[in-house]
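Numbering (my numbering), first residue to last: 2 to 183.
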């Protein structure tokens, strides 16, 4: 009997990767979340270069997941709920093209699902403004520096984590309690 591969990758940009890495890590079926950069024209960018707004890269997450335990649709549900997809190049106080809302699709199925979900949200006027999330083909992903990985779990007592990330994580746990790792 041939072996089937149930592991898939989703690459999503929701603004600051520290905030949403802490969320996606908690989902049942998510194997690994890596913070990094995608969508730009510079290979192997540094955080400083991305923050200088000249690389074209967005801060994003590379999410490895078991599609028999969590679907791409469920990841999209968390994606839309975990940030404001109506503000171009901004999430809260974070401003710049590196904080844009973006989905890098890895195959036609992901593209179709992302476009359909975005259209449904816009048609149902779920948000007060139109969604500006870009949906573009995946080309490359560059992991961020080690100190960015697992940031909230490693730095939870820092003010940014305590005042910005922790409330987002707590809200997420209430909304998606049925999707959390046990």
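From the three backbone atoms N, C-alpha and C, an ideal C-beta is built for every residue, glycine too.
Buried versus exposed call for residue i [16 or more other C-beta atoms within 10 Å across all chains shown]
| i | result |
| --- | --- |
| residue 16 | buried |
| residue 9 | buried |
| residue 63 | buried |
| residue 127 | exposed |
| residue 36 | buried |
Beta-ladder partner(s) of residue i, from DSSP
| i | result |
| --- | --- |
| residue 105 | 12 and 137 |
| residue 80 | Residue 80 pairs with nothing; no bridge assigned. |
| residue 31 | 66 |
| residue 36 | 62 |
| residue 18 | In DSSP, residue 18 forms no bridge with anything. |
| residue 142 | 39 |
| residue 181 | 28 |
Pair within 8 Å by beta-carbon distance, residue i and residue j
| i | j | result |
| --- | --- | --- |
| residue 182 | residue 28 | yes |
| residue 40 | residue 11 | no |
| residue 1 | residue 24 | With the chain represented from 2 up to 183, any question about residue 1 goes unanswered, as that position is not in the structure. |
| residue 115 | residue 96 | no |
| residue 151 | residue 67 | no |
| residue 77 | residue 106 | no |
| residue 133 | residue 87 | yes |
| residue 38 | residue 143 | yes |
| residue 75 | residue 32 | no |
| residue 34 | residue 99 | no |
C-alpha distance - residue i paired with residue j, whole-angstrom precision
| i | j | result |
| --- | --- | --- |
| residue 122 | residue 85 | 12 Å |
| residue 180 | residue 55 | 37 Å |
| residue 1 | residue 166 | With the chain covering only 2 through 183, there is no way to say anything about residue 1. |
| residue 4 | residue 163 | Interpretation of residue 4 is limited by its pLDDT of 47, a score under 50 that renders its predicted location unreliable; the figure taken from the coordinates is listed afterwards. Rounded to whole angstroms, residue 4 to residue 163 spans 44 Å at the Cα level. |
| residue 129 | residue 93 | 16 Å |
| residue 18 | residue 154 | 13 Å |
| residue 124 | residue 141 | 31 Å |
| residue 53 | residue 46 | 11 Å |
| residue 171 | residue 30 | 19 Å |
| residue 26 | residue 102 | 19 Å |
Local conformation of residue i per DSSP, three classes
| i | result |
| --- | --- |
| residue 71 | coil |
| residue 86 | coil |
| residue 92 | strand |
| residue 173 | helix |
| residue 154 | helix |
| residue 110 | helix |
| residue 164 | helix |
| residue 127 | coil |
| residue 159 | coil |
| residue 44 | coil |
Any C-beta of chain C under 8 Å from that of residue i
| i | result |
| --- | --- |
| residue 26 | Chain labels in this structure do not include chain C; a single protein chain is all it has. |
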